[in-house]
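Q: Have a look at this one.
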Amino acid sequence: MSEYLTLGHVDPHTAMWMRDVARAKKLPTVRQLSDPRYFPYRFGQAFWAYVAGRWGDEMVGRLLRDAGKSGDVEKAIKTIFNLDANALSQAWHDALHTAYDPLVEVTQTPDKYGRLLISDKQGGGNINLAPALSPDGKHIVFFSEKDLFSIDMFLADAETGRILRKITNTAVDPHFESLQFINSAGAWDAQSRRFAFAAIKKGQPVLSLLEVTRNRMEREITLRELGEILNPTWSPDGRYIAFSALVGGLTDLFIYDAQPGAFGCLARATSGF
């Protein structure tokens, strides 16, 4: 529900999830939406989008109210839609297949275009996120929970997938309380020498610059005026870093002067738009 209310009925990320599970024939039923095996935000968002698209937004609120009062979701579904839970599940699944099957038929799975490089069977974890390929094509930095206790950042060989070393250790390292890995990825500079990524330190957003070749933290820039830093990227000359950030509930673009010895000017990139 939270994803539907905040993002609405059109969301490329959720659409990607739905295409994948529709292709794999693993769509959950309405009864299974409370099962922890299914990510509630994405599947719930898709379900509510279907309900609102077919019967109108007012039915979303009515279903929530009726189910809350009676404590019986299936009874509320039957009363409002004149369908049982199984029929509603099937109608939702049919709508998803109608939307995505034509696309599935003319596209191929990822293994048709490339090879699996990092997985739990190849030294990675069950969750391997936000890969960033170095410009020289030699290395990949990615996030993974392969060491069990936390999501951390790793360096791997881009040709073999072999993990070369662990870059961060958020479970024991006081420098980082949290890495921004869900909606963000780090970035290499043009020389494949430095890597910029976002983190949280002492409750404040931090832009971290890592010298990868020496495995040394070059600089940590605390930006207290911002709420969250996402997706940093370097300018070709390596002086500036552009990134998006959350400020006052809104996302905007910013540019930071990363030249050594510079004051470190933070400029709002969209000023005047």
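Per the numbering used here: the sequence shown = residues -10 to 262. Glycine is no exception: its CB is placed at the ideal position from the N, C-alpha and C atoms.
Determine the direct distance from the alpha carbon of residue 68 to that of residue 99, and round the result to whole angstroms.
A: Their backbone Cα atoms lie some 43 angstroms apart in a straight line.
Q: What is the residue span of the alpha helix (DSSP H) that residue 229 lies within?
A: Element bounds for residue 229: not the alpha helix (DSSP H) but the beta strand (DSSP E), 229 to 236.
Q: Can the beta-carbon of residue -4 be found less than 8 angstroms from the beta-carbon of residue 82?
A: Cβ distance not < 8 angstroms, so residue -4 and residue 82 don't count as in contact.
Q: Hey, how far is the Cα of residue 213 from the Cα of residue 238?
A: Between residue 213 and residue 238, the C-alpha separation is close to 15 angstroms.
Q: Does the structure place the stretch 141 to 161 close enough to the stretch 122 to 131 that three or more beta carbon pairs sit under 8 angstroms?
A: The answer is yes - the stretch 141 to 161 touches the stretch 122 to 131, with three or more Cβ pairs under 8 angstroms.
Q: By the DSSP assignment, the alpha helix (DSSP H) with residue -7 in it spans what residues?
A: That run of the alpha helix (DSSP H) goes -9 to -4.
Q: Determine the closest residue to residue 194 out of 208, 147, 217 and 79, with distance taken between C-alpha atoms.
A: The option with the nearest alpha carbon to residue 194 is 217.
Q: With residue 221 as the anchor, note down where its beta strand (DSSP E) starts and where it stops.
A: Here the beta strand (DSSP E) through residue 221 covers 217 to 223.
Q: For residue -8, does the count of other Cβ atoms within 10 angstroms reach 16, so buried, or fall short, so exposed?
A: Per the 10 Å Cβ criterion, buried.
Q: Can at least three beta-carbon pairs, one atom from the stretch -2 to 18 and one from the stretch 80 to 94, be found at a separation below 8 angstroms?
A: The stretch -2 to 18 is in contact with the stretch 80 to 94.
Q: Excluding five sequence neighbours on each side, which residues of the same chain lie with their C-beta closer than 8 angstroms to the C-beta of residue 175?
A: For residue 175, where only same-chain residues beyond five positions count, the Cβ hits under 8 angstroms are 119, 121, 130, 142, 184, 185, 186, 187 and 221.
Q: Have a look at residue 108 and residue 136 and give me their C-alpha separation to the nearest angstrom.
A: Each residue's Cα considered, the two are about 13 angstroms apart.
Q: Indicate whether residue 181 and residue 225 have their beta-carbon atoms separated by less than 8 angstroms.
A: Not a contact, by the Cβ cut-off of 8 angstroms.
Q: So residue 3 is in the alpha helix (DSSP H); what residue range does that whole segment cover?
A: Looking at the DSSP string, the run of the alpha helix (DSSP H) that includes residue 3 is 1 to 13.
Q: Considering only the alpha carbon of each residue, which of 51, 190, 201 and 208 lies closest to residue 154?
A: Of the candidates 51, 190, 201 and 208, the one whose C-alpha sits nearest the C-alpha of residue 154 is 201.
Q: Name the one or two DSSP bridge partners that residue 177 has.
A: Residue 177 is bridged to 184.
Q: What span of residues does the alpha helix (DSSP H) with residue 75 cover, start to end?
A: Looking at the DSSP string, the run of the alpha helix (DSSP H) that includes residue 75 is 74 to 94.
Q: Could you compute how far the alpha carbon of residue 71 sits from the alpha carbon of residue 112?
A: Their backbone Cα atoms lie some 51 angstroms apart in a straight line.
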